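Numbering (my numbering), first residue to last: 19 to 146.
Right, one structure below, let's go through it.
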Amino acid sequence: MMAHSHNHHDAHHGHGDHAEHTTYRGYVTGFVLAVILTVIPFGIVMGGGFDSRFWTIAVVVLCAVAQVLVHMIYFLHMDSNAEEGWTLLSTIFTIVVVVIMIAGSLWVMFHLNTNMMPQMNHELQVMP
Numbered sequence: 019m020m021a022h023s024h025n026h027h028d029a030h031h032g033h034g035d036h037a038e039h040t041t042y043r044g045y046v047t048g049f050v051l052a053v054i055l056t057v058i059p060f061g062i063v064m065g066g067g068f069d070s071r072f073w074t075i076a077v078v079v080l081c082a083v084a085q086v087l088v089h090m091i092y093f094l095h096m097d098s099n100a101e102e103g104w105t106l107l108s109t110i111f112t113i114v115v116v117v118i119m120i121a122g123s124l125w126v127m128f129h130l131n132t133n134m135m136p137q138m139n140h141e142l143q144v145m146p
């Protein structure tokens, strides 16, 4: 009876390798990385960016992806040892939803910009 109780306790409360992520040091590391990954693109954009617009966008996107990974690892405690694969499934679902939302938002903004802007040649006629 005692051994069963001990095994039950270990199954629900044993963290194994996950304990290192819940320490104060882990949170501070995650916070510092998040701040660095925020300051880098902010500084690049406020400084006028690189000569090539492509490289400016690429660095901002890479910092954003790295920041998502930092948040998932240090704050959401997601790693390869997740139980039953639900973490991976929820991550894939979240990525799909975010891609759909971003693509849809960009599509709507692009079409609003091209279809709703006033035609400068027809509306701005100077009256004598």
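Note that the Cβ used here is the ideal one computed from N, Cα and C, for glycine as well.
Nothing here was measured: the structure is a model prediction, and the numbers come from that model.
Residue i - DSSP class collapsed to helix/strand/coil
i     : result
GLY66 : coil
LEU94 : coil
THR47 : helix
THR56 : helix
For residue j and residue i, the rounded distance between their alpha carbons
i      : j      : result
ASN133 : GLY67  : 29 Å
LEU55  : ILE62  : 11 Å
VAL86  : PHE72  : 21 Å
LEU107 : VAL115 : 12 Å
GLY65  : VAL77  : 14 Å
MET96  : THR47  : 15 Å
GLY44  : TYR92  : 6 Å
ASN131 : PHE60  : 26 Å
MET119 : THR41  : 34 Å
Enclosing alpha helix (DSSP H) for residue i [first to last residue]
i      : result
PHE72  : 71 to 88
ILE110 : 104 to 134
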